Structures are given as structure tokens and as C-alpha cells.
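See structure below.
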Amino acid sequence: MGIPFEDGNFSLFVRGFLGTIELSALSALFALLLGVVLAAFRVSPVPVLRTFGTTWVTVFRNTPLTLMFFAVTFVLPRLDVHISSFTAAVAALSIYTGSFVCEVLRSGINTVPLGQAEAARSLGMGFGQTLGLVVLPQAARAVIAPMGSVFIALPRNSAVAGAFNVFELFSVQKTLTEKGYDIFALFFWLALAYLVISFSVGAVFSALERRTAVVR
Numbered sequence: 001m002g003i004p005f006e007d008g009n010f011s012l013f014v015r016g017f018l019g020t021i022e023l024s025a026l027s028a029l030f031a032l033l034l035g036v037v038l039a040a041f042r043v044s045p046v047p048v049l050r051t052f053g054t055t056w057v058t059v060f061r062n063t064p065l066t067l068m069f070f071a072v073t074f075v076l077p078r079l080d081v082h083i084s085s086f087t088a089a090v091a092a093l094s095i096y097t098g099s100f101v102c103e104v105l106r107s108g109i110n111t112v113p114l115g116q117a118e119a120a121r122s123l124g125m126g127f128g129q130t131l132g133l134v135v136l137p138q139a140a141r142a143v144i145a146p147m148g149s150v151f152i153a154l155p156r157n158s159a160v161a162g163a164f165n166v167f168e169l170f171s172v173q174k175t176l177t178e179k180g181y182d183i184f185a186l187f188f189w190l191a192l193a194y195l196v197i198s199f200s201v202g203a204v205f206s207a208l209e210r211r212t213a214v215v216r
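Heads up: the sequence shown begins at 1 in the UniProt record's numbering, then just goes up one per residue.
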């Protein structure tokens with residue numbers, strides 16, 4: 001099954017492929033950072049922080065991703081906040097994915113025996129030290145597999161950005177379809193590209209899981 005790579009279309013495809021990787025990688029990084037902060041809030045001894053974390057996760061986990069894109073693309077300019085389409089896409093994906101990262105981490109934190117935190121506090125460690133030095137490292141090892149599932153889904157979710165002026169893989173399909181190329185061939189190669197990205201992310205998390213299994 002061929003794809004029309006003449007007339008610079010191959011470079012177009014490569015640019016879209018790299019665009020998806022860049023968008024997914026940046027979104028994954030910020031989602032991870034946001035997820036760690038939210039997870040800390042959700043297990044915090046401070047009621048205000050727990051309420052904030054719970055509300056944030058509840059709202060954004062149940063908000064459709066497309067609606068998130070609409071919000072950052074059309075609502076922010078009305079609030080006199082002007083950012084590029086790419087930055088808006090990273091923000092939408094990070095906020096959306098960060099909520100799922102938070103819940104995965106929180107489930108891992110709940111698997112750590114309470115005695116670990118109590119022992120840390122008996123040594124004079126504060127909440128931040130206990131969480132960062134004792135609890136989170138153990139929780140992270142326990143949630144590698146479900147965390148992998150979250151980040152494997154991220155590149156596929158990034159396809160929504162193509163409808164909001166961000167050039168990535170799905171944008172290539174739109175561009176070449178408008179040129180009259182066979183849509184079935186295009187979807188075949190796009191699906192293959194997404195599979196390559198997904199299998200690569202899965203391989204990284206599988207390697208991490210094997211390595212941490214030895215540590216355990």
C-alpha cells in the first residue's frame with residue numbers, strides 16, 4: 001500500500017511525525033510534573049490542598065479533551081492571554097493528562113505501608129521530605145505499568161491538536177486528503193506511525209518495569 005511521497009510529501013510526513021513526538025514529549029513532561037504536585041496535594045495533611053487537588057482532578061478528568069482545546073484556544077484570548085497554538089496544545093494535553101497521572105501516583109502512594117511514613121516522621125522528616133524521599137520512590141515503582149498506559153495514550157490524544165492549527169501527524173492526513181490522495185493509504189501510514197510511537201513508549205516503560213523489578 002503506497003503513500004504519495006513525491007513533491008515534498010515525504011518531508012511533510014516526517015515533519016508531522018516529529019511534530020507529534022515533540023508535542024507528546026513536552027506534554028508528557030509537564031503532565032508528569034503537574035501530576036506529582038496534584039498527588040502531593042491529594043495526600044497532604046492540609047485540608048485546603050486536599051480539596052484543591054480533588055476538585056482539580058474531578059473537573060479535568062471528566063472534561064472532554066476537545067473541550068479543553070476549545071478553552072485554551074478561544075477562551076484564553078478573551079481573557080487577554082495570547083499564546084501560540086502549539087503552546088495551547090501542550091497546555092491542554094498537560095492539564096488533561098496530568099489529572100490521570102495524579103490518580104495513578106495516588107494509587108501507588110496508597111500501596112506504601114503507613115509505617116514507612118510514620119518511621120520517616122519519627123526521624124524528624126517533614127511531609128515534603130517524607131513524600132519525596134520515602135513514599136514517592138516506592139510508589140513510582142509500583143505504578144510503572146499503569147503510568148505507561150497513560151503515556152501510551154498521549155500521542156493518540158495529541159491528534160486533537162491537528163484541528164486547532166497545530167501541525168502534527170493528523171494534520172498531514174488533512175493536507176494530503178485535500179490534495180486528492182487516497183485516504184485509505186494515508187490512514188494506513190498514519191496508523192503505522194502512531195503504532196511506532198506507541199510501541200516505543202511501551203518499550204521504555206517495559207524496560208523500566210523490568211529494571212525496578214530487580215530492585216524490589
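Beta carbons are placed, not taken as given, at the ideal position from N, Cα and C, and that holds for glycine.
Only a predicted model underlies this, so the values are computations on that prediction, with no experimental measurement involved.
Ranking V172, S198, I95 and A31 by CA distance to the CA of L65 puts I95 first. Apart from sequence neighbours up to five positions away, the residues of its chain that approach V90 with a beta-carbon distance below 8 angstroms are L23, L26, S27 and F30, ordered along the chain. Residue environment for I197: buried (at least 16 other C-beta atoms within 10 angstroms of its C-beta). The criterion of a C-beta distance shorter than 8 angstroms is not satisfied by A142 and G98. If you look at S27, you'll find it in the alpha helix (DSSP H) that goes N9 to R42. Take V135, set aside five residues on each side of it, and the residues of its chain with a beta-carbon closer than 7 angstroms to its own are I109, V112, Q116 and A117, in chain order.
N157 carries a helical assignment under DSSP once its states are collapsed to helix, strand and coil.
Looking at R211, H82 and A159, the one whose alpha-carbon comes closest to that of A191 is A159. Close CB contacts of G16 within its chain, under the 7 angstroms cut and outside five residues either way in sequence, are with F167, E168, L169, S171 and V172 (chain order). With a threshold of 16 other beta carbon atoms within 10 Å, R211 falls short and is exposed. Each of R106, A161, M68 and L93 was checked against the Cα of I144, and the nearest Cα belongs to R106. Secondary structure at S198: helix, using DSSP grouped into helix, strand and coil. Judged by DSSP in its simplified three-state form, Y96 adopts helix. In this model, L208 and K179 are separated by some 43 angstroms (Cα to Cα).
Around the beta-carbon of G124, fewer than 16 other beta-carbon atoms lie within 10 Å, marking it exposed. Out of W189, F187, V104 and T130, the CA that lies nearest to the CA of M147 is found in V104. Around the CB of G35, 16 or more other CB atoms lie within 10 Å, so the residue is classed as buried.
Assignment of I83 by DSSP, reduced to helix, strand and coil, places it in the coil class. Taking the Cα of T130 as reference, the smallest distance to any Cα among G19, V43, L18 and L33 is reached at V43. For L49, the uninterrupted alpha helix (DSSP H) segment begins and ends at P47 to R61. The Cβ atoms of C102 and L38 lie closer than 8 angstroms to each other.
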